[in-house]
Amino acid sequence: MKPIILLVFALFFSIPILNAQDFEYGQISNDDVILKNTRLDSNANAMVIREFGTARMRLDDASGRLFVDFQYHVRLKIFNKNGFEHGTITIPLRIRKEEDDRLVDLKATTINYADGNLTRTDLDRKKFYVEKLNKYTSLTKFTMPDLKDGSIIEYSYTIQSPYIFNFRRWEFQSDIPKMHSEYIAFIPAYYNYHTSLRGALKFTTENAEINNGCLNINGVMVNCSKMSYIIKNVPAFIEEDNMTAPSNFKSSINYELSDYMLTNGTKFNVTKSWKDVDRELLADHDFGQQMKKKEVFLPLLPQILKNTTDELSKAKAIYSYIEKNIKSNGFIGYSSENTIKKANELHSGNTGDINLALMAALSAAGLDAEAVILSTRANGAVGELYPVLSDFNYVVVKVNIAGQSYLLDASEPYLPFGLLPLECINGKGRVFSLTKPSYWHDLTANQKRSTRTILTGTLSPDGKMKGTLSTYSLGYAAVDKRERISRSTSVDDFVEKLDEQMPNIKITSHKIENLDSINNMLIETYEIETQGFDVSNPDQIFYNPFFINRTSTNPFNLNERTYPVDLGSAREDRIIMNIKMPENFILADKPKDIGIALPNAAGRYMAAIALDNSTLSVSQTLQLNKPIYEPDEYLSLKEFYSRIIQSQKTDILFKTK
Amino acid sequence: MIRNLIFLLVIFLGTPGFSQVQINYRTDNIPAELKNRANAVIRNMETTVDMRSPENVIITVKKVMTIFNDNGNKKGALVLFYDKNTAIKSVRGQTFNSFGMATGKFSLSDFIDQSAVDDGTLYGDYRVKAYLFNPISYPYTISYEYEIRNKQNLVIPDWYTNPDADVSVEKSSYTFISKPEDKVRIKEYNFKGNPEILKSEKFSSYTWKVQNISAYKPEPYAPVEDKYLAHVKIAPEQFTYYGHKGSYTNWEELGKWFYNDLIKTRQKLSPQTIQEVTELVKGISDDKEKARKIYDYVQKKTRYISVQIGIGGFQPFEAEEVHRSGYGDCKGLVNYTQSLLKAAGINSYYCLVYGSRTKQSFEPDFANIEGNHIILCIPSKTDTTWLECTSQESPFGYLGGFTDDRTVLACTENGGILLKTPTLTTQQNLLKRNAELTIDQEGNVTGKIKTDFSGSQYDNYAYLTHKSYTDQLKALKDEYDIDNINFSDFKLVQKKDDNPKATETVNLSIQKFASKTSSRVYLVPNAFNKSGTISELKNRTLPLYINRGYTDEDEIIYTIPEGYTIEIKPKDQEIRSPFGIYAVSIKQNGSKLYYTRKISINQGTYAPEKYAEYATFINRINQADHDKIVFKLN
C-alpha cells in the first residue's frame, strides 16, 4: 500500500489558527514542588505531572503540502536517581523520500527547588543532538541539565509530519505513572479517520465538539471535529514475561485515514471496507501484482516438482525450494520490496518477497494458495472492526489441500511445513486470494511444542548406569533445538559441548536424525554413562529419577499477574525411563504417583514409578493444552508448577536383599 | 569511555585481509585441519598500514575468506566504522561459489549506513557502513579490499594473527610502512618468528606473516586474550592527534603529553565555583576529609551521560561545563573532580585504565595509548585514595571489581606514572550469611536472613538500591531462585566507610520447601548458595585463570518439627585444593540443625593441566551443595 498523495487537494487549504488548552510552560505550582511519589504509586521513580498534546492539519505554503502538526508538552517530576533516565529524551523522526518529519519549537527546562527558591535551567540549543540512525529514521536527543532528586523537568516541541495517512497517535500510558494525560485532535470534516482505542483504562473525560472554520478551503470555511480525551491518574505500564506486544495493552488512541472529500463533494475512500481493500491490494504492484506472477516460477516447476505425486508433496517441494532459494534480508513487511522476480534472482528479499513468491509458485503449480497478512506479536494486535492496514506488518501463505489448510512461512529456517513462527501466532490474519473476497483466519500453531524422551538402561551393582537416551522433538521444540544445534560448527561440536556441560553424565556416542529434514521430528540418540546411585550404604540407596529435564524453578513466580500468559502453542513433554536394576534391589519407598490437572483440562502432569521384575519404570507427562492462559488462571499455573517441583524433589529408596 | 580505540580495534579484529597472488577459490582444497572447528577460514589476508605522514595514515586490507555455515557468515560481514577524521576511501568485493566461480560483486553503494552510537551514549558522531552477504548455500567465498584513511597516527591499530577462535587462517600478513627517518617502537606478543624488514631511501617496511593457524575451541576460565593471542603493537615516536602534536617513547612522556595537552586546559573553574569549593571544605583540615566532602558533592551534583564529540574521544569536557550541566562521561567527571580538588589544594592524578570485570593491565615495557575508562587517584605516601567518578553510589575510595588490581597510567603535569590499583583479596570479598529457618509439619519454612556483602561482593546488590520496595522484593525472587518463596521486611543498609559493607536483612517464607512422601521428608539444607558446575574439557590448552578470589560463609539454623528423625544426612566434608577450600557440616542439637558451608576460592593462574583438577573440585562442590537430608517420619 502506497501512502496516499494528497498534494492537489492540499492547495485548497489555508493555515488554521487555533489554540488548544495547553498549560503554561514553566509555571510551577506549589503542589508540583511538594509532590511526592506516594501520590499515585510509591514505586515510581518519576511521574508525569501533566502532559498535553494536540494534532491538527496545516497546509505548508512553501511546499504546498499538507502536514499534521503535533504539539507536545510535558511536565514531569524526577523523584530519585533511578528516575534520571527520564531526563534523557529521544524523539524519533521519519525520513521519507518526499519530505522528512520536521521538529520545531523544541525547548526544555529543568526546575529545581532549594532553600525557598526555584531555579530554572534552560537547555542550551547546542545540546540538542541530531543523529541519523539509518535511512528511515533520525533521532533528536537531549539530556536535561542540573538534575537532582526532586527536579521538575519540562519540555515541549512540535513535529510537522507530511504523513497524514495515520493521524498522530497518542499513548496515555507509559512506563511511569501520569497524573494527567490529555490529547486533542482536530480532524477536518473532509477527513474521516478510523479511530481505535486500546487498553483497559477509561477516559476521565471525553468530548467531541465542532470547531467552526478551522480550515479555509478555497474560500470555504471547513469545520473540524475537536476530539478531546483526558485520562487522570494513569498507572505505569509494567511489562510481564510471555506476553504479546505491550502496545496491545497500553492505553492509547490510534487513527487511520478512511476517506476524504473534496469541496465539491466528491468522496475518496481510502480504507473503507474490506471490499475496497481487496480491490486496491490486489491491484497493488507490490502485493497483488506479485501474487499473480506465476510466470516467474513456471519454467522452474518441472525441476522443483520432480519426484512429487500428490498436491501435498508438490506444496512441500515448492515450500522447500523457496525456503532454500530466497533468504531473508532481515526486513519484514507484507508487501514485496524488490519484486518476487528479483528476489528469486538475487536469492534475497524481505518477508513480502519471499512469501508472495511462495504463493505465486504454489499457484503456478495449480495449488489453491492464498496470502495471509498479519501483525507479529511484537507489532501488536489488529483491529477487526474495519480495515486498518497499517496494523499489519507481515505476510504468510495459506495453502488448501484436500479440505485441509496449511499456513506457511518460507522466510524463516527450521520451520516445518505448516508451522508458522511463534512471532506470527497472534490473533487473526486476513486472507487474500485471487478469486474470493478476503476473510479472517485464526493464526494458530498446528503443532504442539512437544518432546518425548526415552531412557533405557541398566544399572550395575556399583551404581553405574549405562543406557540409551532418545529424544523426539516436534513443533517449536524441534525449531528451537535445530537452531541451537546450528549455532555449533558441527553436530560433533554440539554434542561435545553438551557432554561437557553435564559433569555427571558421559556421552559415549550419539546420533542425530532428521536434522535437515525439517518436516520430520528431530531425533537425538545418545549412549550415556552416569554414576546414578551412591551404593556406599546398601541398606539405603536413594535415587532421584527426575534428572532429565528436571523442573527446578517455577516459571510463574509472580504473586499476581495483570496480562494473559501467551505461550504461543500448546505443549507436551513425556519422559519414559526403563532401568534394569540389579536383582537384589527392593523398592522401599518412592515418591507418590501423582496426577494433577489445571481447571477445565487446561493442563495435566502425571508421574508414576514402579519396580517390576527388577525393572524400574518411571513415566512423566506434562501437558499445557492451551496457548494462552488468562490472568485469573495464573495462580493455578503457579501452583501446578509448584507441585511438579515438589514431587521431583523426592527420591526413590532402595534396599538390597 | 574512549571510543577511538574501540572502533579502530573493531576494524582490525573484525576484518583484516588481502590478495594479489593467484588464489584458488575452490573450497574443496582447503586443508582438513583448517576446517576443524572452523565456521570460516581466511584464505588470504593482507593488511597494510602506510604511515605517509602523521596526518595521513592509509590502512589497506585485502581479504579472501571462505564461509562454511551460518555462524561463519557474520565473520564474512564487512563492517567499517568512520567519523569526521576517519574516511573510507574505497571498497570493492566479489563473491564466489564453492567451485570458485564468481557469483556477484559489491561496492560501497550496497552497504547499509547507520549510526554506530551505542545505546549508552547520548551523542557521538561515529557511524558504520556494513555489508552482509546473504548466501543461499555454503560454503562460499568472499573477497574484498578496502582503504581507510586516518588523520592521526597516535593510535595505530594492533594486528592480531587470528583474532576469532572459530575462524582459521590459511595465510595472513601485516605490513607497516613508514619513512626511513620515522622512529617507531614495535612489540610482538606471542608471535613466533621475525618480521621481514625492507629499508630503502624512500621507505622502510616491516612485514609479519603467518600461515595455517587452525580454529580452536574457546576455553572457559582462560586468561585475557592478549595473554595468548599473537599480536603486534606499533607506536610512532612523533605523532599528530587531530591538531595536537607530540612525541613519546615511554609511559612518562606519554602521560605528560596527555595531561598537558588534553587535560590541563580543560580545568578552568569560574570564581563562583572556586568559592563554592572553598565554602564546602571550610573548617576541614585533613586533606582526605576535604576530598571525601568534594567527592560527595560531585556524586550529588552529577550523573554519567556519555557525549562523544570533538577530538577522537580522549579530551574531556571543560570542568566548568560539567559544573553547569550536571553531567559528563568518565573523562568529564574525573576532570571535573580533579579540578575541584585542585581548587581545594589537593593534588590528584587523572588515570587511564582498562575497566572490566576481567582484570587487564597496562604493559610496563610498551607505552601506547590504551584503556577504555578513566578513574581518579589521590596520591599519598601512606593512604592513597582511588575514586570512581561515574558512580553516584560508590563509597569514597572504593573501586570495586571494574577497576581493581591492575596497572593504570596516571597522567600528571610532570609525567606519566604506572600505578597499581588496590587488590581485593579472597578474604575481603566476603559474603557472610546467617539464616534462622523453622520447618513445620508440612515442610513449609519461615524465617529470616541476614547477609553481609563486602569487598568486591559489596556491589552484588548495588542494582537494588534505587529500586522501589515492590521491585526489590521481585528482584529477590530471582536472587533466591526458590519456588514459592516470599519475602517481607527487606532492608539493605550500606556502610560506606573505608571497608564498605552492604547488609541485607529480610524475612521469608517458602511453602513446601521440604518435600514429603508418606513416610519421609527430603530437605536440601543448602537453601541459598549453590555453586554451579563447570565444563570438563577433554584437552585443555590454555592456562586456568581465576580472575578474582572470594569467600562465602553460610550458616543456617533449622528448627525441625517433632517427629522428624534424621535417617540420612550428607557427610560433613572439607575439600582442599590449590584453588581454594570448601567445607560443609551439619550438626544436630535437639530440634536444632546447624548447617554451615564455607567456600573460598583464590585468584591466580595455573597450568593448563590443572584445569581438570579444578573442574573436579568445583563439580564436587556442586554435588555437595545439592545433598539432601532425609528425615523419617515417626
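Protein chains in written order, with UniProt numbering: chain A, 1 to 657; chain B, 1 to 634.
Note that CB positions come from ideal geometry on N, CA and C, so glycine has one too.
Remember, predicted model here, so these are calculated numbers, not experimental data.
Continuous alpha helix (DSSP H) stretch holding residue i: start and end
i, result
"residue 669 of chain A", "In this structure chain A extends from 1 to 657, so residue 669 of chain A is not present and cannot be described."
"A:H73", "Premise fails: A:H73 lies in the beta strand (DSSP E), R65 to I78, not in any alpha helix (DSSP H)."
"B:E289", "D287 to K301"
"A:H285", "Taken as a continuous stretch (DSSP letters only), A:H285 belongs to no alpha helix (DSSP H), as it is neither H nor E."
"A:K316", "E311 to N325"
"A:V535", "Note, A:V535: premise wrong, no alpha helix (DSSP H); not H, not E."
Residue i versus residue j: straight-line alpha-carbon distance, rounded
i, j, result
"A:A283", "A:S181", "42 Å"
"A:M291", "A:I28", "59 Å"
"A:E412", "A:R430", "20 Å"
"B:T605", "B:K199", "42 Å"
"B:T421", "B:T403", "7 Å"
"A:N64", "A:D105", "With the sequence shown as reference, residue 64 of chain A is identified as Gly, and Asn is not the correct amino acid for it. Whole-angstrom Cα-Cα distance: 21 Å."
"B:S585", "B:K35", "50 Å"
"B:P543", "B:E225", "11 Å"
"A:S488", "B:G100", "26 Å"
"B:R266", "B:E318", "5 Å"
"B:D625", "A:E370", "57 Å"
"B:N547", "B:Q603", "6 Å"
"A:T204", "A:Y229", "8 Å"
"A:Q623", "A:Y321", "35 Å"
"B:T465", "B:S394", "12 Å"
"A:A608", "B:T503", "45 Å"
"A:D101", "B:K171", "50 Å"
Residue i and residue j closer than 9 Å at C-beta
i, j, result
"A:V130", "A:T140", "yes"
"A:L66", "A:I164", "yes"
"A:I652", "A:Y543", "yes"
"A:L455", "A:N578", "yes"
"B:G255", "B:I417", "yes"
"B:V408", "B:L333", "no"
"A:N519", "A:K316", "yes"
"B:L80", "B:V128", "yes"
"B:I374", "B:C389", "yes"
"A:N557", "A:K638", "yes"
"A:K466", "A:E524", "no"
"B:L492", "B:Y458", "no"
Endpoints, beta strand (DSSP E) assigned at residue i
i, result
"A:H441", "Y439 to D442"
"A:M179", "K178 to P188"
"A:I644", "Premise fails: A:I644 lies in the alpha helix (DSSP H), Y634 to K649, not in any beta strand (DSSP E)."
"B:K432", "L430 to I439"
"B:C377", "H373 to I378"
"A:E370", "D368 to L374"
"A:F52", "A46 to D60"
"B:E442", "Premise fails: B:E442 is in no beta strand (DSSP E) and is neither H nor E."
Near the ligand FAD: residue i beta-carbon under 8 Å from a heavy atom
i, result
"A:H73", "For the structure depicted, the ligand FAD is absent and the ligand set is empty, with no information on it obtainable."
By the 9 Å beta-carbon criterion, what residues does the region 303-335 of chain A contribute toward chain B? K324, N325, I326, K327, S328, N329 and G330
Uninterrupted beta strand (DSSP E) stretches inside the UniProt domain "DUF3857" (59-216) of chain B (no shorter than 3 residues): 78-82, 86-96, 102-107, 112-115, 121-124, 127-131, 140-150, 167-178, 184-189, 196-199 and 204-213
Quick one: which residues of the region 497-510 of chain A get their C-beta closer than 7 Å to a C-beta of chain B? List them in chain order. Cβ proximity to chain B below 7 Å picks out E500, Q501 and P503 from the region 497-510 of chain A.
Which of the residues in the region 88-106 of chain A, read from start to end, lie with their CB under 7 Å from any CB of chain B? T88
If you measure beta-carbon to beta-carbon, which residues of the region 227-252 of chain B are closer than 9 Å to chain A? none
Against chain A: residues of the region 532-547 of chain B by CB proximity under 9 Å: T533, I534, S535, E536, L537 and K538
Return the residues of the region 36-56 of chain B that lie within a Cβ-Cβ distance of less than 9 Å from chain A, sorted by chain order. N36, R37, A38 and N39
Within 9 Å of chain A by C-beta, residues of the region 252-285 of chain B in sequence order: none
Below 7 Å between beta carbons is the criterion; list the residues of the region 467-496 of chain A that meet it against any residue of chain B, in chain order. Of all residues in the region 467-496 of chain A, only S486, R487, T489 and D493 place a beta-carbon less than 7 Å from a beta-carbon of chain B.
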